[in-house]
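Residue numbers (the numbering used here): 286 to 462.
Cβ atoms here follow ideal geometry from the backbone N, Cα and C, with glycine treated the same way.
Right, one structure below, let's go through it.
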């Protein structure tokens, strides 16, 4: 017999799904760091040993760096590895921590991510409309895809902020997620 789904279990499942999706995206984007190392080594070899044009490879490294940072922000939030001043936080009770997490998410995280999303739409739209490309001769022709990472990052952070609120520990200190 299947138990009825309560709003709390539905929300818990939503938070877990968001967490899994963002951790998956973060894990995939972490491959960018390995690829960046290999490409940078290739740039050095091609440039200094063969005097080859390496602008497209250098720009690929920059694009991968963007992917790593933009996806890493939400991943850091999902895995609770973001930078936090923990001088006082660790001394508080679970109940106070819960309210600080929820309050901080509602008053800082969500508004800032929402502002980043809102303010980046015109910037990214223009880049797509003109099919913005690199200013460097021989550079990559799709700067607009790199700029699209800005609203994507904001959306991922908004979703992760919602997941954080849902899975905030209950007043007894038990994790909801």
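### Query
Would you report the Cα separation of residue 453 and residue 322, rounded to the nearest angstrom?
Between the C-alpha atoms of residue 453 and residue 322 there is a straight-line separation of about 37 Å.
### Task
Evaluate residue 359 with the Cβ neighbour count: other Cβ atoms within 10 Å of its Cβ, from every protein chain shown; 16 or more gives buried, anything less gives exposed.
Buried, because 16 or more other Cβ atoms sit within 10 Å of the Cβ of residue 359.
#### Entry: Through-space distance from residue 346 to residue 409, alpha-carbon basis
Approximately 21 Å between the Cα atoms of the pair.
### Run of the alpha helix (DSSP H) containing residue 344, from where it starts to where it stops
First-last of the alpha helix (DSSP H) with residue 344: 340-363.
### Query
Which residues in the same chain have their Cβ closer than 7 Å to the Cβ of residue 320, if we skip the five residues on either side of it in sequence?
Closer than 7 Å at Cβ, skipping near neighbours: 349.
### Query
Considering only residues of the same chain and omitting the five flanking positions on each side of residue 377, which have a CB-CB separation below 8 Å?
Once the five neighbours on either side are set aside, the close Cβ partners of residue 377 are 385.
### Task
Give the straight-line distance between the Cα atoms of residue 318 and residue 399, rounded to the nearest whole angstrom.
C-alpha of residue 318 to C-alpha of residue 399: approximately 28 Å in a straight line.
### Message
I need the boundaries of the alpha helix (DSSP H) containing residue 429, first residue and last residue.
### Response
428-432 is the extent of the alpha helix (DSSP H) around residue 429.
### Message
On the criterion of 16 or more Cβ atoms from any shown chain inside 10 Å, does residue 442 qualify as buried, or is it exposed?
### Response
Residue burial is scored here from C-beta neighbours: residue 442 has at least 16 other C-beta atoms within 10 angstroms and is therefore classed as buried.
### Query
Going by beta carbon distance, what residues of the same chain come within less than 6 Å of residue 431, once the five residues before and after it are set aside?
Within the same chain, 348 and 351 come within 6 Å of residue 431 by CB-CB distance, once the 5 residues on both sides are set aside.
### Message
How far does the alpha helix (DSSP H) with residue 401 in it extend, from its first residue to its last?
### Response
395-414 is the extent of the alpha helix (DSSP H) around residue 401.
### Message
If contacts are defined as beta-carbon pairs under 8 Å, then residue 446 and residue 340 qualify, I think. What distance do you get, rounded to the angstrom?
### Response
38 Å between Cβ atoms; not a contact.
### Query
If we ignore side chains and look at the alpha-carbon of each, how far apart do residue 465 and residue 435 end up?
Residue 465 is absent from the model: the chain starts at 286 and stops at 462.
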